[in-house]
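Residue numbers (our numbering): 655 to 1039. Beneath this line is the structure, given in structure tokens, with notes to follow.
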Ligand code: NZQ
Ligand code: ZN
């Protein structure tokens, strides 16, 4: 195991009725920006619970954060925070709203052009408004990490940043808030969380028994809860286990001290920026193809994954690896998520375009060993046609 120093400061309030905990978490004199998306929280009763818990605190509201939150939209929220001298951002929604809140929190006190937060080293973020989150969509892990992914549609960009200042101080995870999610978003959430674990697990062995067993437990849990999460939207225990798995998939702990890949995500973000495909769907296109392309470099872990996640113990090593990759693709397809570029009407020319864009960003050596070059990216996408 590699050396590591890691601290996750986010306090979690988990379970039914936990939105009420806002009343204790937020100081009585907090000046709050309630940030939300397109309005789902007004239909499912979450907004009413939040308003009740906020009580008499000074609260401004900003609705309209898109899926794949947009820079220009978020800058309008930054203007409100600056004008009204707000000191807390309270995102209520899915990963997009939470990510948007992290950007707003960092951009509000930022002295330079806030676009720099995404394009230059995030170390320049020297402070942020306090963030407390109410999560309504298990998927990204944004509720317990410091990362945010922000899109800028006007110039077809989608970029990430992270800073120790943008961990939520607390996050509220009430499984009942997810009962209103459409099947498409449940599928996306499971598919995204699954890939987060894979990016930190399916690399090369690092003598990290705890991280490996945790990762395998999360993958198996996601596989187990997937059918019922879709067929019984109000089954509390199923949703509770799904949320908790999604939080653990990207709260930093399974990735501490181990090599990490993230090439699937970097390629996927380009597909969203260029073609508007849902985040999780881009991962479903890239992941099986990337595993196939990298099967030599990832051989030992692919065999471990085959045995411990999919119970594949018979046949030759290569046959087990083939079967494990096929199971991965079938898992996404069973969620209702297509795994080929052509399923989304994307032409093969995009393979070279994505490779070129990553190279231009200085991302010419992706993957756990820096072996996924632009040429490999192109190969991976061509094989996903
Ligand atoms: O906008 P509203 O009306 O709230 O509707 C949303 C949105 O249309 C809806 N929704 C959310 N909760 C609901 C609900 N509808 C009914 N009932 C509920 N309880 O779901 C739709 C999608 O929401 P969104 O927040 O976009 O989905 P998700 O949580 O999958 O977030 C995706 C974004 O997160 C980024 C992605 O790139 C993408 O921009 N990621 C963030 C990461 C992080 N911060 O660590 C890591 C991930 O890899 C990912 O890149
Ligand atoms: Zn993701």
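Even for Gly, the Cβ is constructed at its ideal location relative to N, Cα and C. Note that the structure is predicted; figures quoted are calculated from it, not measured.
Residue burial annotation: residue 1034 is buried, with at least 16 other C-beta atoms found within 10 angstroms of its C-beta. The nearest non-hydrogen atom of the ligand NZQ is less than 7 Å from the C-beta of residue 802.
Straight through space, the alpha carbons of residue 822 and residue 664 are spaced by roughly 6 Å. The DSSP-derived three-state label of residue 1028 is helix.
Secondary structure of residue 663 (DSSP, three-state): coil. Distance from the C-beta of residue 794 to the nearest heavy atom of the ligand ZN is below 7 Å. Of the heavy atoms belonging to the ligand ZN, at least one sits nearer than 7 Å to the Cβ of residue 937. In the three-state DSSP reduction, residue 960 falls in the helix class (H, G or I). Residue 722 is classed as buried because its beta carbon has at least 16 other beta carbons within 10 Å across all chains shown.
For residue 811, the pairing in a beta bridge is given by DSSP as 806.
Proximity to residue 838 across 778, 865 and 935 peaks at 935, based on C-alpha coordinates. Residue 896 and residue 932 have their C-alpha atoms roughly 20 Å apart. Inter-residue distance for residue 1020 and residue 1027 is about 6 Å (C-alpha atoms, whole angstroms). Cβ atoms of residue 704 and residue 676 come within 8 Å of each other, at about 7 Å. With contacts defined by Cβ atoms closer than 8 Å, residue 732 and residue 761 form a contacting pair. Under the DSSP definition of a beta bridge, residue 868 lacks any partner.
The closest CA to that of residue 679, considering only 892, 910, 1008 and 786, is found on 786. In terms of side-chain proximity, the C-beta atom of residue 657 is found no nearer than 7 Å to any non-hydrogen atom of the ligand NZQ.
Short of 6 Å from the beta carbon of residue 893, and not among the five residues preceding or following it, lie these beta carbons of its own chain, in chain order: 829 and 832. Restricted to the segment 722 to 766, the beta strand (DSSP E) segments that are unbroken, complete and at least 3 residues in length are 742 to 747, listed in chain order. For residue 784, the enclosing beta strand (DSSP E) stretches over residues 784 to 789. Setting aside the 5 residues that flank it on each side, residue 991 is surrounded in the same chain by 841, 842, 845, 934, 935 and 938, each with a C-beta closer than 8 Å to its C-beta; the list follows chain order. For residue 848, the enclosing alpha helix (DSSP H) stretches over residues 837 to 855. Taking the C-beta atoms as reference points, residue 790 is found nearer than 8 Å to residue 695. In this structure, residue 779 keeps its C-beta atom at 8 Å or more from the C-beta atom of residue 805. Looking at the backbone, the Cα of residue 978 and that of residue 999 are separated by about 27 Å. The nearest non-hydrogen atom of the ligand ZN is less than 7 Å from the C-beta of residue 846. Between the beta-carbon of residue 782 and that of residue 759 there is about 4 Å, and that keeps the pair under the 8 Å contact cut.
Comparing alpha-carbon positions, the option among 970, 980 and 972 lying closest to residue 964 turns out to be 980. By the criterion of a C-beta distance shorter than 7 Å, residue 1005 is surrounded in its chain by 1032, 1035 and 1036, once the five residues flanking it on both sides are discounted. In the same chain as residue 879, and ignoring 5 residues on each side of it, the C-beta atoms closer than 6 Å to its own belong to 892, 895 and 896, in chain order. Of 792, 884 and 915, the smallest CA-CA separation from residue 858 is found for 915. With respect to the 8 Å criterion, residue 666 and residue 827 are classified as neighbours on the basis of their beta carbons.
Contact between residue 757 and residue 771 is confirmed by a C-beta separation of about 7 Å, below the 8 Å threshold. In the DSSP annotation of this structure, the continuous segment of the beta strand (DSSP E) that includes residue 685 starts and ends at 685 to 690. For residue 826, the enclosing beta strand (DSSP E) begins and ends at 824 to 827.
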